[in-house]
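Asks:
Residue numbers (UniProt numbering), protein chains in the order written: chain A, 1 to 420; chain B, 1 to 293.
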């Protein structure tokens with residue numbers, strides 16, 4: 001018996017030495033942000049994928065606030081997790097020249113055929129695949145159809161209809177009613193939408209790496225925002241500040257249906273629908289367009305990517321875990337729609353019929369709409385900060401639309417110049 | 001004797017190590033970084049005085065933020081000290097339930113710096129919040145606490161003043177240590193309460209006023225939570241204090257070198273104002289037994 005056991009041990013050692021045995025068990029780390037449901041789903045997925053591939057994956061998770069600061073500090077010290085969830089607009093911050101993370105095309109184990117070329121391009125920096133898009137998201141119009149029904153006005157399908165509906169809603173229900181909402185980044189994206197619809201161009205021209213719009217084109221978009229305030233469709237920035245800059249979904253006016261629409265991420269439908277009082281219905285609707293629009297101006301992008309640390313000692317194991325999370329049944333089932341509708345084709349097919357139909361509908365609207373490719377610089381901290389601050393100056397009457405447009409374009413070009 | 005010395009050093013070691021590792025090294029490192037361009041992702045690049053030149057010659061946000069910060073400090077510190085002294089003087093009387101009142105007035109200081117209180121403040125001073133409801137009850141019109149750039153800083157100042165407890169406790173202790181025979185002598189001489197306060201209480205409190213002044217000034221220059229949570233520095237950067245600017249440059253825009261330069265300018269301002277306070281203290285602070293007095 002002793003001889004048999006010793007022989008088995010020796011044989012095992014020999015096989016292991018030759019690399020013929022089962023994969024070596026590595027201890028990996030993965031970091032992400034999210035809410036409770038995402039944390040639970042991801043931990044379950046990591047357990048399932050870890051068991052399947054013979055590795056242990058330790059989760060490091062927080063809420064969104066502070067995640068960027070934590071990740072930045074870790075990246076600076078080279079101590080980031082092996083697998084990192086990265087917000088798509090952060091890719092230029094961490095991997096300006098495509099060397100911030102491991103090149104995912106060089107790692108075996110990830111079935112890249114499950115993503116479209118556009119998705120893979122979106123996750124690349126200077127042509128190097130730095131992150132795998134987990135899901136795609138975009139801004140979509142949500143309307144409280146109950147409010148419009150109560151006012152006897154059809155739900156708007158164009159900006160002109162929205163502007164025409166506003167006085168009717170106010171006349172029927174009261175001056176405290178607003179047909180729409182646009183503050184901070186939503187205001188920025190609304191101006192972006194207007195100009196994109198008019199010109200067919202996104203904020204940044206990828207060819208020249210400069211702002212694609214002329215000051216006149218942008219000024220028209222800013223004036224449009226002003227018109228929404230003047231007509232009473234949305235609250236002014238001053239009103240929003242007076243009320244304490246409360247998030248839309250936390251406002252009693254939203255819950256009561258007194259604010260009847262907004263332009264939000266498709267995946268956030270539940271966040272906005274859940275606070276509504278009983279009997280109110282929130283529906284995603286097709287893109288509102290301006291007269292003479294050359295495109296729907298859809299603002300869609302990968303919501304986040306999974307990257308692998310270039311400092312990881314277990315890059316191949318990490319690649320297998322990433323593939324399992326996104327392409328294999330164990331990972332797909334456990335993750336579900338905790339990160340929105342999956343970008344991976346096999347995951348999308350497997351989850352069909354299991355996701356909230358309103359989220360599916362909202363996502364379908366975003367994906368069906370036309371629009372230029374969105375540059376991650378749209379959400380660069382300095383670009384966004386300059387855009388929002390300038391809109392605030394315009395809203396408070398400090399500058400006119402033309403000066404505001406020039407200020408936004410100059411500020412954005414200054415940032416873009418640093419990345420040339 | 002030797003073993004006692006070793007024990008003393010052993011007790012000191014954790015503090016000294018903590019001070020060196022978590023305060024002195026970052027302190028010196030930030031001075032070095034202030035002369036560099038550093039985005040955390042690549043090695044710091046020496047740029048000499050570029051950050052400071054940009055700060056003083058081209059950065060409108062810095063000047064706006066500095067003005068707002070100085071205004072905030074010059075509003076907050078005197079208001080808070082006056083209020084703390086006023087409450088301490090009342091709580092120095094032998095009233096019924098005095099211990100309850102002393103505790104109650106101290107509580108805001110424990111809660112005041114918290115995120116929850118900052119959020120609460122946002123609701124109280126919102127356009128339809130408690131503050132405007134109260135004004136409405138007494139027939140006064142609503143005030144635009146946050147929407148009007150002229151009012152927003154004052155609203156943030158109120159939050160800081162509300163946390164007067166720690167200064168109040170120090171004042172209260174100082175008031176109780178004043179020799180009662182001085183008051184008796186003054187009363188026998190026919191001095192009024194006002195005269196007693198200005199001729200006896202206030203001069204004897206000046207060392208404590210001086211201490212509170214320095215502490216409150218340093219804290220006010222470092223205020224972050226209130227404006228960050230309540231107004232996010234707005235509207236129109238009316239509450240954009242320098243610590244907010246440093247935070248955004250460092251952790252949102254990854255301009256660590258530039259943020260370090262702003263932090264050092266803030267440090268120099270605090271140091272200069274503290275030195276001015278120390279210099280001026282020779283003229284107005286009274287130390288019992290001091291040869292100068």
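Where is the CB? At the ideal position from N, CA and C, for every residue including glycine.
Give, in chain order, every residue of the stretch 215 to 248 of chain B whose Cβ lies closer than 8 Å to some Cβ of chain A.
Replies: Listed by position, the residues of the stretch 215 to 248 of chain B near chain A (Cβ gap below 8 Å) are 230, 231, 232, 234, 235, 236, 237, 248.
Asks: Quick one, which of A:403, A:179, A:310, A:128 has its alpha-carbon nearest residue 219 (chain A)'s?
Replies: When only C-alpha atoms are compared, the closest one is A:403.
Asks: Rounding to the nearest angstrom, what Cα-Cα distance links residue 299 (chain B) and residue 286 (chain A) in this structure?
Replies: No statement about residue 299 (chain B) is possible, as the shown extent of chain B runs from 1 to 293 and does not include it.
Asks: Where does residue 128 (chain A) fall in DSSP's three states?
Replies: If DSSP states are grouped into helix, strand and coil, residue 128 (chain A) belongs with the strands.
Asks: Could you have a look at residue 61 (chain A) and say whether DSSP puts it in helix, strand or coil?
Replies: Here residue 61 (chain A) sits in strand by DSSP.
Asks: Quick one: Cα of residue 36 (chain A) to Cα of residue 82 (chain A), how far?
Replies: So the alpha carbons of these two residues sit roughly 22 Å apart.
Asks: By a C-beta neighbour count over all protein chains shown, 10 Å radius and 16 as the cutoff for buried, is residue 14 (chain B) buried or exposed?
Replies: Classification of residue 14 (chain B): exposed, given that the 10 Å Cβ count is below 16.
Asks: For residue 377 (chain A), is the beta carbon positioned less than 7 Å from some heavy atom of the ligand NAD?
Replies: Here there are no bound small molecules, and the ligand NAD is not part of this structure.
Asks: Can you tell me the Cα-Cα spacing of residue 266 (chain A) and residue 202 (chain A), whole angstroms?
Replies: Those two C-alpha atoms are separated by around 20 Å.
Asks: Between which two residues does the beta strand (DSSP E) carrying residue 30 (chain A) extend?
Replies: Where residue 30 (chain A) is concerned, the enclosing beta strand (DSSP E) stretches over 27 to 33.
Asks: Does any residue of chain A have a CB that is nearer than 8 Å to the CB of residue 40 (chain B)?
Replies: Judged by the 8 Å Cβ criterion, residue 40 (chain B) is in contact with chain A.
Asks: Distance, Cα to Cα, residue 160 (chain B) vs residue 413 (chain A)?
Replies: Cα to Cα, the separation comes out at about 39 Å.
Asks: Who are residue 309 (chain A)'s beta bridge partners in DSSP?
Replies: Paired residues: A:101.
Asks: Does DSSP put residue 95 (chain B) in a helix, a strand or coil?
Replies: Looking at residue 95 (chain B) - three-state DSSP - the assignment turns out to be coil, as it is neither helix nor strand.
Asks: Have a look at the DSSP bridge pairing and note the partners of residue 85 (chain A).
Replies: According to DSSP, which records beta bridges pairwise, residue 85 (chain A) is partnered with A:306.
Asks: Can you check whether the CB of residue 339 (chain A) is closer than 8 Å to the CB of residue 134 (chain A)?
Replies: In contact: residue 134 (chain A) and residue 339 (chain A) (Cβ atoms closer than 8 Å).
Asks: Enumerate in chain order the residues of its own chain whose CB-to-CB distance from residue 449 (chain A) is below 8 Å, with the five nearest sequence positions on each side excluded.
Replies: As displayed, chain A neither begins before 1 nor continues past 420, which places residue 449 (chain A) out of reach and without an answer.
Asks: Listing by chain order, which chain A residues have their CB less than 9 Å from the CB of residue 123 (chain B)?
Replies: Within 9 Å Cβ-Cβ: 244, 246.
Asks: Rounded to a whole number of angstroms, what is the C-alpha to C-alpha distance between residue 51 (chain B) and residue 255 (chain B)?
Replies: Cα to Cα, residue 51 (chain B) sits roughly 10 Å from residue 255 (chain B).
Asks: Take residue 156 (chain A) and list the residues in its own chain whose beta-carbon comes closer than 6 Å to its own, dropping the five residues that flank it on each side.
Replies: The answer, listed in chain order, is 162, 165.
Asks: Can you round the beta-carbon distance between residue 234 (chain A) and residue 228 (chain A) to whole angstroms, since I take them to be within the 8 Å contact cut?
Replies: Their Cβ separation, rounded to whole angstroms, is 5 Å, which keeps residue 234 (chain A) and residue 228 (chain A) in contact under 8 Å.
Asks: Compute the Euclidean distance between the alpha carbons of residue 215 (chain B) and residue 203 (chain B), then round it to the nearest angstrom.
Replies: Between residue 215 (chain B) and residue 203 (chain B), the C-alpha separation is close to 19 Å.
Asks: Taking just the CA atoms, how far does residue 187 (chain B) sit from residue 206 (chain B)?
Replies: About 22 Å.
Asks: Could you please tell me which residues of the stretch 94 to 106 of chain A, in chain order, have their CB closer than 9 Å to any CB of chain B?
Replies: Within the stretch 94 to 106 of chain A, the residues whose Cβ lies closer than 9 Å to some Cβ of chain B are 94, 95, 96, 100, listed in chain order.
Asks: Let me confirm a value: residue 107 (chain B) is counted as buried when at least 16 other C-beta atoms fall within 10 Å, else exposed. Which label applies?
Replies: With fewer than 16 Cβ atoms within 10 Å of its Cβ, residue 107 (chain B) is classed as exposed.
Asks: Out of curiosity, what's the CA-to-CA distance linking residue 160 (chain A) and residue 294 (chain A)?
Replies: Whole-angstrom Cα-Cα distance: 16 Å.
Asks: Classify residue 87 (chain A) as buried or exposed, calling it buried when 16 or more other Cβ atoms lie within 10 Å of its own Cβ.
Replies: Buried.
Asks: Can you find the residues in the same chain that come closer than 8 Å, C-beta to C-beta, to residue 197 (chain A), ignoring five residues on each side of it along the sequence?
Replies: Answer for residue 197 (chain A): 289, 290, 293, 294, 295, 296, 297, listed in chain order.
Asks: Could you tell me which chain B residues have their CB closer than 9 Å to the CB of residue 188 (chain A), listed as they occur along the chain?
Replies: Under the 9 Å cutoff, chain B gives no residues; its nearest Cβ is about 15 Å from residue 188 (chain A).
Asks: Would you mind sorting residue 5 (chain A) into buried or exposed? The rule is 16 or more other CB atoms within 10 Å of its CB.
Replies: Because the pLDDT at residue 5 (chain A) is just 46, under 50, the model does not fix this residue reliably, and the value given afterwards should be weighed accordingly. When all chains shown are included, residue 5 (chain A) counts as exposed.
Asks: Just to make sure I have the definition right: I need the residues of chain B whose C-beta is within less than 8 Å of the C-beta of residue 239 (chain A). Which are they?
Replies: Chain B residues near residue 239 (chain A): 127, 147.
Asks: Check distances from the C-beta atoms of the stretch 46 to 71 of chain B to those of chain A and list, in chain order, the residues that come in under 8 Å.
Replies: Flagged: no residues at all.
Asks: Enumerate, from N- to C-terminal direction, the unbroken alpha helix (DSSP H) stretches of 4 or more residues contained entirely within the stretch 228 to 299 of chain A.
Replies: As far as the stretch 228 to 299 of chain A is concerned, its whole alpha helix (DSSP H) runs of at least 4 residues are 237 to 242, 252 to 256, 269 to 273.
Asks: Buried or exposed: residue 18 (chain B), going by 16 or more other Cβ atoms within 10 Å of its Cβ?
Replies: It is exposed - the Cβ of residue 18 (chain B) has fewer than 16 other Cβ atoms within 10 Å.
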